[in-house]
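One structure is given below, encoded as structure tokens.
In the working numbering, the protein residues as written are 12 to 712.
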């Protein structure tokens, strides 16, 4: 069968016109002597009509052909072999060869400019070559010349035409440098780069009392701060998570306090309420209130989100600010307040119940246990293992929407689910009846590398166990892990931790409220570059928080700015990731493109199939990220250019589908993305062995 297939492939090739022409040419050449003129032609053009045409035109133009030149002409105009095109190509070749061409150094000498100016103007398109080499290919340094085959050449006529323009170009350069200097100075002043503490005039004009409720988990510090908030006439609770903001919203309303809710995606009763529960990033610097509560203030030191806490501490316009967090946050609080000249009062709390480390690894989970792992795959694998042993399980991880996480927390709190499997999100103040916190992993990926948990992180998570006065808590590890890691962390005092008190606080953020103060448009990416250029003027220990998400937002804003009427595009407040391939980032770019072309924002559709496998769950979470961006745009646009009702309908379908899947007693199945073959959760790779070998077969040859 292989022989027949090979014969059929050969016959197919022989039937192709190109092969037929080659055989026909060879047949016609056979026995034909090669003349002197024919020797100047490439072999495949000898004794052909096309070759005869080339020789005829060359003779008429008085040009002596050679094989290299003819190949160049032939390859350039191969689709059109008419005599007129061949004549035109040969004439251009002759003209180009007869013109004297200048090197880059000769051009610089004639124009009287430096190498740097030459490179800049070439890259800007003011100077162009005659041999088609782009200005992007040239080195910016004189001692790094281009390879010989890529040497640029310039025509003398072009150089003569540039000479009168040099003075105008230099004047433009001076004017541009002056404008850039003025723009950067304005950016530096508006963003208060020299003194971050003076960035928020409303807060600076108030006499603020700052109180730090310091203590470990389950010490009642947040409860006491919320009591102060509830007793005030107006106030704001700033939470680290949407789920905690919703919990604060419910608690304050249950106390009879008229409270609204604001997160990046939704608002409830914000305009007319006396109090507000919001995420830390949504705290407004312009709404003056009596009391502000900032929860989990130890997040000041977080390299990714710490800027939000720094901004809240600097900008909160309140008579009293109550900070709740771990004791090790005090040096960081004082470092921020040093910029404002304010002081902090400290109220210390003790843990209400004892916390003990388990002496042995846990082999069997009991009702009331919480297993902590650090990835969705680990969560679903642990869930499947516990479900296989007959346990009902609730799960909480970051990719789930807050409504689903809240429902899963309720299932565990009411006993509907015996065991909770969660990421370290439960360390952020969630009030759950956990008897034992069991670490299923002690290594986490922090966005940069896989690392062991820090002692203060272990204490924060383990502290969720034993809520209340009379219920001691226990913390340990699953079988197979070293139990001494938790024991040593709980026995150590926070003063013994290797904490970096000479911290680099991510405090100066490219804040959206300052966008409207920027000068006339110079490109949002240009402003990001301007801000980074002033990083050295910040106070000691401070750094800029201009991460990849701002670069992506600036790129999208520059590309689609015509889609908005606002002076300051709202791209910079969008809930996107740090990667251009992130679903939320792609949704933002697609939405802005749709606004520019159609005037409306597209609404993502919830998948029709249920998230019964790991691959489908991954697809559902991607759609959830896109819907989150759509809900964010609804809030920004007030539903004028997006079907807000359809967005909420799709969001309800999305959350209901995930709630049903998480509450289901069916096991989540892990499958190969290529062939849908079921895989055990312990399988170390994403693909099954057969699909992996098929895709990488050549690597093993």
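Where a beta carbon is used, it is the ideal one built from N, C-alpha and C, also for glycine.
Open item on the list: Tell me which residue opens and which closes the beta strand (DSSP E) that residue 330 is part of.
Closed with: 329 to 336
Task: Minimum C-alpha distance to residue 411 - residue among 396, 383, 394, 387 - done: 387
Task: Alpha carbon of residue 619 to alpha carbon of residue 662, nearest angstrom - done: Going by the C-alpha atoms only, they are around 13 Å apart.
Task: Counted within 10 angstroms of its Cβ, other Cβ atoms place residue 9 as buried (16 or more) or exposed - done: A question about residue 9 goes unanswered here, because the residues of the chain that appear run from 12 up to 712.
Task: residue 124 - containing alpha helix (DSSP H), residue span - done: Where residue 124 is concerned, there is no enclosing alpha helix (DSSP H), given that its DSSP letter is neither H nor E.
TODO: Mind checking who residue 359 pairs with in its DSSP beta bridge?
DONE: 225
TODO: Tell me whether the beta-carbon of residue 437 lies closer than 8 Å to the beta-carbon of residue 390.
DONE: no
- [ ] Return the CA-CA distance between residue 700 and residue 415, expressed in angstroms with no decimal places.
- [x] Cα-Cα distance, rounded: 34 Å.
Task: Euclidean distance between Cα positions of residue 446 and residue 423 - done: 12 Å
Task: According to DSSP, residues forming a beta bridge with residue 445 - done: The partner list for residue 445 (beta bridge, DSSP) reads 476.
Open item on the list: Quick check on the burial criterion: 16 or more other C-beta atoms within 10 angstroms. Buried or exposed for residue 611?
Closed with: Counting C-beta atoms within 10 angstroms of its own C-beta, residue 611 has fewer than 16 neighbours from the protein chains shown and is therefore classed as exposed.
Open item on the list: With three or more C-beta pairs closer than 8 Å as the rule, is the segment 297 to 306 touching the segment 236 to 254?
Closed with: The segment 236 to 254 and the segment 297 to 306 touch, with no fewer than 3 CB-CB distances between them shorter than 8 Å.
- [ ] Tell me, please, which residues DSSP counts as bridged to residue 631.
- [x] DSSP, once it has assigned bridges, lists no residue as partnering residue 631.
- [ ] State buried or exposed for residue 56, treating a residue as buried only when at least 16 other CB atoms are found within 10 Å of its CB.
- [x] buried
Task: residue 75 (DSSP reduced to helix, strand or coil) - done: coil
Open item on the list: Does the structure place the segment 390 to 408 close enough to the segment 235 to 243 that three or more beta carbon pairs sit under 8 Å?
Closed with: no
Open item on the list: Within 10 Å of its beta-carbon, does residue 459 have 16 or more other beta-carbons around it, so buried, or fewer, so exposed?
Closed with: exposed
TODO: Let me know if residue 571 comes out buried or exposed under the rule of 16 or more other beta-carbons within 10 Å of its beta-carbon.
DONE: buried
TODO: Could you spell out the range, first to last residue, of the beta strand (DSSP E) harbouring residue 287?
DONE: 286 to 290
- [ ] Give me whichever residues DSSP pairs with residue 461 in a beta bridge.
- [x] 456
Open item on the list: For residue 417 and residue 254, which I take to be in contact (beta-carbon distance under 8 Å), what is that distance rounded to the nearest angstrom?
Closed with: Yes, residue 417 and residue 254 are in contact; Cβ-Cβ is about 6 Å, under 8 Å.
Task: Three-state secondary structure (DSSP) of residue 428 - done: coil
Open item on the list: DSSP has residue 434 in a bridge; who is on the other side?
Closed with: None; residue 434 has no bridge partner.
- [ ] Check whether the Cβ atoms of residue 642 and residue 658 lie closer than 8 Å to each other.
- [x] Yes.
Open item on the list: Looking only at its chain, what residues have a beta carbon closer than 6 Å to the beta carbon of residue 150, apart from the 5 residues adjacent to it on each side?
Closed with: Below a pLDDT of 50, predicted positions are generally treated as unreliable, and residue 150, at 47, falls in that range; no measurement from the model is reported.
Task: Per-residue DSSP class, three states only, for residue 278 - done: Looking at residue 278 - three-state DSSP - the assignment turns out to be strand.
- [ ] Say whether the segment 206 to 213 touches the segment 267 to 275, bearing in mind that this needs 3 or more beta-carbon pairs closer than 8 Å, one atom from each stretch.
- [x] no
Task: Cα-Cα separation, residue 695 to residue 220 - done: 54 Å
- [ ] Over the uninterrupted alpha helix (DSSP H) stretch that includes residue 665, give me the two end residues.
- [x] 655 to 674
TODO: Answer yes or no: do residue 368 and residue 282 have a C-beta to C-beta separation smaller than 8 Å?
DONE: no
Task: Pick from 652, 550, 80, 633 that is closest to residue 347, judged by C-alpha positions - done: 550
- [ ] Report yes if the CB atom of residue 141 is closer than 8 Å to the CB atom of residue 112, and no otherwise.
- [x] In this structure, residue 141 sits near residue 112, with a CB-CB distance shorter than 8 Å.
Open item on the list: Can you give me the C-alpha to C-alpha distance between residue 67 and residue 76, rounded to a whole angstrom?
Closed with: 11 Å
Task: Among 450, 543, 623, 666, the one whose alpha carbon lies nearest that of residue 195 - done: 543
- [ ] Starting from residue 592, trace the beta strand (DSSP E) both ways and give me its first and last residue.
- [x] From DSSP, residue 592 is part of no beta strand (DSSP E); its letter is neither H nor E.
- [ ] Decide if residue 495 is buried, meaning its Cβ has at least 16 other Cβ atoms within 10 Å, or exposed.
- [x] exposed
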